[in-house]
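See below for the structure under consideration.
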Amino acid sequence: MSWDQFKVEVDDAGVAQLTLTRPDTLNSLTFEVYADLVRWTDETSRNPDIKAVVLAGEGRGFCSGGNIQEIMGPLLQRDMEGVLAFTRMTCAVVANLRKMPQPVIAAIHGTAAGAGAVLALASDLRIVGEGVKFHFLFSKVGLAGADMGTAWLLPRIIGDGRAKQALLFGSPITSDQALAWGLANAVVPREDVVTEARRWATELAQGPLEAYRVTKRALHVEADMSFEAALDYETNLQAAMLRSADHREFYDSKMEDRDASWRDRLEPDH
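At position 121 of the sequence shown the residue is numbered 144 (our numbering), and the sequence of numbers has no breaks.
Rendered as structure tokens:
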């Protein structure tokens, strides 16, 4: 299926790369982009042939966030129900990214600001270009820094004090800070960001997909559990995985001194 608001390419390894294609505005987001992102993430999460996802942007930026003229202006003319419809849609993008069974890697070669920074934040892994900065600008424009799940996600990644500094002051987070704080998983030359992200995605796409799916889900659902509840959850999860086809394949491959042959389709979450 073709998409009007961005470009999607799927390679032979099952890696889907979604590239935002509004380079003249640093890939700013519009109502239509958000709507298509909701639909694409939902459809992709149910596609067993897509095994990993890379998010990228054309031109100089990754994503500069919501477009002032095309989003902020029209929203000022809406009533509360109309504004709520918009905020529900933006949160659905983040919720879908988090729920996707596929690993999602953000390739951040340039500006990541506002909602663009949140798209990176909601991804599982982030490859960041040297000299790139994250800008959580919501308070700078008179909005809550608690946008699209940011106030939940950011402290869990970089810590409470650093998150408050970033969200209250709107202070940029440099690539070096991002790496030191755990926001970036790797920092590479800007021209290598997409290549490195695709390399990571390809390696994951060739691995035990079911193990990655249940691991990603466990990391998310256990975030709201007590330690005792998490132990109970993992007791049942690992018992099931010890009886899985991929774990049996690992054991057989070791006994037969050969490489494991993992299942080549991803079973979506239900």
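Backbone N, C-alpha and C define an ideal beta-carbon position, used for all residues, glycine too. The structure displayed is predicted, hence computed values, not measured ones.
Original post:
Does the beta-carbon of V164 have 16 or more other beta-carbons within 10 angstroms, so that it is buried, or is it exposed?
Top reply: By the neighbour-count rule (16 or more Cβ atoms within 10 Å), V164 is not buried but exposed.
Original post:
Around the Cβ of K74, are there at least 16 other Cβ atoms within 10 angstroms (buried) or fewer (exposed)?
Top reply: Classification for K74: buried.
Subject >> Terminal residues of the beta strand (DSSP E) in which A136 lies >> reply: Taken as a continuous stretch (DSSP letters only), the beta strand (DSSP E) holding A136 covers 134–136.
Subject >> Ranges of the beta strand (DSSP E) found wholly within the region 114–161, counting only runs of at least 3 >> reply: Runs found: 127–131, 134–136, 148–152, 156–158.
Original post:
Between the C-alpha atoms of Q200 and L144, what's the straight-line distance to the nearest angstrom?
Top reply: Answer to the nearest angstrom: the Cα atoms are 15 Å apart.
**OP:** Per DSSP, which residues does Q40 bridge with? Please list them.
**Re:** Under DSSP, Q40 shares a beta bridge with E32, V77.
**OP:** Taking V304 and I150 to be in contact with their CB atoms under 8 Å, please state how far apart those CB atoms are, rounded to whole angstroms.
**Re:** Residue 304 is absent from the model: the chain starts at 24 and stops at 293.
Original post:
Roughly how many angstroms separate the alpha carbons of K239 and E81, rounded to a whole number?
Top reply: Taking the straight line from one Cα to the other gives about 28 Å.
**OP:** Report the option in S194, W63, Y274, A224 whose CA atom is closest to the CA atom of W26.
**Re:** Considering only alpha carbons, the answer is W63.
**OP:** Put L52 into one of helix, strand or coil per three-state DSSP.
**Re:** It is a strand residue.
Original post:
Hey, how far is the Cα of A169 from the Cα of Q229?
Top reply: Going from the Cα of A169 to the Cα of Q229 covers about 36 Å.
Subject >> C-alpha distance - S87 paired with F157, whole-angstrom precision >> reply: So the alpha carbons of these two residues sit roughly 10 Å apart.
Original post:
What's the gap between the Cα of G184 and the Cα of A174?
Top reply: G184 and A174 have their alpha carbons spaced roughly 12 Å apart.
**OP:** Please specify which runs of the beta strand (DSSP E), each continuous and at least 3 residues long, are wholly inside the region 219–278, giving them in chain order.
**Re:** Within the region 219–278, no complete beta strand (DSSP E) run reaches 3 residues.
**OP:** Taking only the alpha-carbon atoms, compute the straight-line gap between V77 and A130 and give it to the nearest angstrom.
**Re:** The alpha-carbon atoms of V77 and A130 are separated by roughly 7 Å.
Original post:
Taking Cβ positions, are L160 and G193 nearer each other than 7 Å?
Top reply: It is a contact, given that the beta carbons lie within the stated cut-off.
**OP:** Enumerate in chain order the residues of its own chain whose CB-to-CB distance from T225 is below 6 Å, with the five nearest sequence positions on each side excluded.
**Re:** Excluding sequence neighbours, T225 sits near A36, V38.
**OP:** Give the straight-line distance between the Cα atoms of V237 and L289, rounded to the nearest whole angstrom.
**Re:** Spanning the alpha carbons of V237 and L289 requires a straight line of approximately 11 Å.
**OP:** Measure the beta-carbon distance from L176 to L190 and round it to whole angstroms, keeping in mind my assumption that it falls under 8 Å.
**Re:** About 11 Å; that fails the 8 Å criterion.
**OP:** Specify, as a first and last residue, the run of the beta strand (DSSP E) that G84 falls within.
**Re:** Counting along the chain, the beta strand (DSSP E) containing G84 begins and ends at 84–86.
Original post:
Going by the CB atoms, is the gap between G133 and G205 shorter than 7 Å?
Top reply: Contact flag unset, no.
Original post:
Which residues does DSSP pair with A209 in a beta bridge?
Top reply: Looking at the DSSP assignment, A209 forms a beta bridge with I150.
**OP:** Ignore the nearest five residues each way along the sequence and tell me which others in T42's own chain have a CB closer than 7 Å to its CB.
**Re:** These residues qualify, in order along the chain: F29, K30, A79, G80, E81.
**OP:** Could you say if the region 115–129 and the region 91–102 meet the contact criterion of at least three C-beta pairs nearer than 8 Å?
**Re:** No: fewer than three Cβ pairs fall under 8 Å.
**OP:** Pick helix, strand or coil for G89, following the three-state DSSP scheme.
**Re:** Strand at G89.
Subject >> Start-to-end residues for the alpha helix (DSSP H) that takes in K163 >> reply: From DSSP, K163 is part of no alpha helix (DSSP H); its letter is neither H nor E.
**OP:** Excluding the 5 residues preceding and the 5 following V106 in the sequence, name in chain order all residues of the same chain whose CB lies nearer than 8 Å to its CB.
**Re:** Counting only Cβ-Cβ distances below 8 Å, and skipping sequence neighbours, we find L98.
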